[in-house]
Amino acid sequence: MKSKKNIQPIDFDLVEKWLENYCLDPLTTQDDLIQFRIDLYETDQEWIVEALLSEFDSSEIKVYIEEKQLVITADKVSTPSKLQKRVRTIQFPFEVINQKVTANYINGILEVHISKSEKGLGKNCYITLP
114 MKSKKNIQPI DFDLVEKWLE NYCLDPLTTQ DDLIQFRIDL YETDQEWIVE
164 ALLSEFDSSE IKVYIEEKQL VITADKVSTP SKLQKRVRTI QFPFEVINQK
214 VTANYINGIL EVHISKSEKG LGKNCYITLP
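So in this note's numbering, spot 59 of the sequence shown is number 172, and the numbers just go up one at a time.
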């Protein structure tokens, strides 16, 4: 018989502090310039990660959730010998795999939505872009 994993409630005060620290971290700005820009938003129902990836097609973008992190990878072969790969990893203060995560890519902007109330699969996985 399988045992159910005990899902811990999210500490919203901890998340608020994490968002504040993330926005003030100078390495975040450096990664925005070197890799690609990321913005974080919070609504009553979800957290939203926006990534500016206008140089890439949706087929060249992968979104992966692993434990407490979200990994966005964009690969483009610009010439037969040159691969353009960019990666950003966002570490969250809670298990992202336990939340429902969806993504869409429109007009060069990737949006990843992480639900605050809906539960996810509870395992590492790729998020499919429509």
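Glycine residues also receive a C-beta, built at the ideal position from the N, C-alpha and C atoms.
All figures in this text were calculated on a predicted structure; none of them were measured in a lab.
Three-state class that DSSP yields for residue i in the structure shown
i: Asn211; result: helix
i: Ile123; result: coil
i: Ser172; result: helix
i: Pro243; result: coil
With 16 other Cβ atoms within 10 Å as the buried cut-off, status of residue i
i: Lys117; result: Note that Lys117 has pLDDT 45, beneath the 50 cutoff, so the model's placement of it is unreliable and the number below is only indicative. It is exposed - the Cβ of Lys117 has fewer than 16 other Cβ atoms within 10 Å.
i: Asn220; result: exposed
i: Gln212; result: buried
i: Lys115; result: Note that Lys115 scores 45 on pLDDT, short of 50, meaning its location in the model is unreliable and no value can be drawn from it.
i: His226; result: buried
i: Val176; result: buried
i: Gly110; result: Residue 110 lies beyond the range of the chain shown here (114 to 243); nothing can be said about it.
Spatially closest choice to residue i from the options, by CA coordinates
i: Ser191; options: Glu173, Leu183, Phe205; result: Glu173
i: Ile178; options: Asp170, Val162, Asp124, Asp126; result: Val162
i: Leu223; options: Gln197, Val184, Ile123, Pro206; result: Val184
i: Pro243; options: Tyr218, Leu234, Gly233; result: Tyr218
i: Thr241; options: Thr186, Asp126, Asp152, Asp124; result: Thr186
i: Gln197; options: Phe205, Pro206, Glu168; result: Glu168
i: Ile123; options: Asp170, Ile203, Trp160; result: Trp160
Contact set for residue i: own chain, Cβ-Cβ below 8 Å, skip 5 residues either direction
i: Glu180; result: Glu208, Val209, Ile210, Asn237
i: Ser230; result: Gln158
Sequence-distant residues of its chain with Cβ nearer than 6 Å to residue i (five each side left out)
i: Thr215; result: His226
i: Arg150; result: Leu165
Residue i: CB within 8 Å of a non-hydrogen atom of the ligand ADP
i: Ala164; result: Absent from the structure shown: the ligand ADP. Ligands present: none.
Neighbourhood of residue i by C-beta, 7 Å cutoff - its chain only, sequence neighbours within 5 removed
i: Tyr239; result: Lys175, Val176, Tyr177
i: Gln148; result: Arg199, Val200, Arg201
i: Gly233; result: Ile210, Asn211, Gln212, Lys213, Val214
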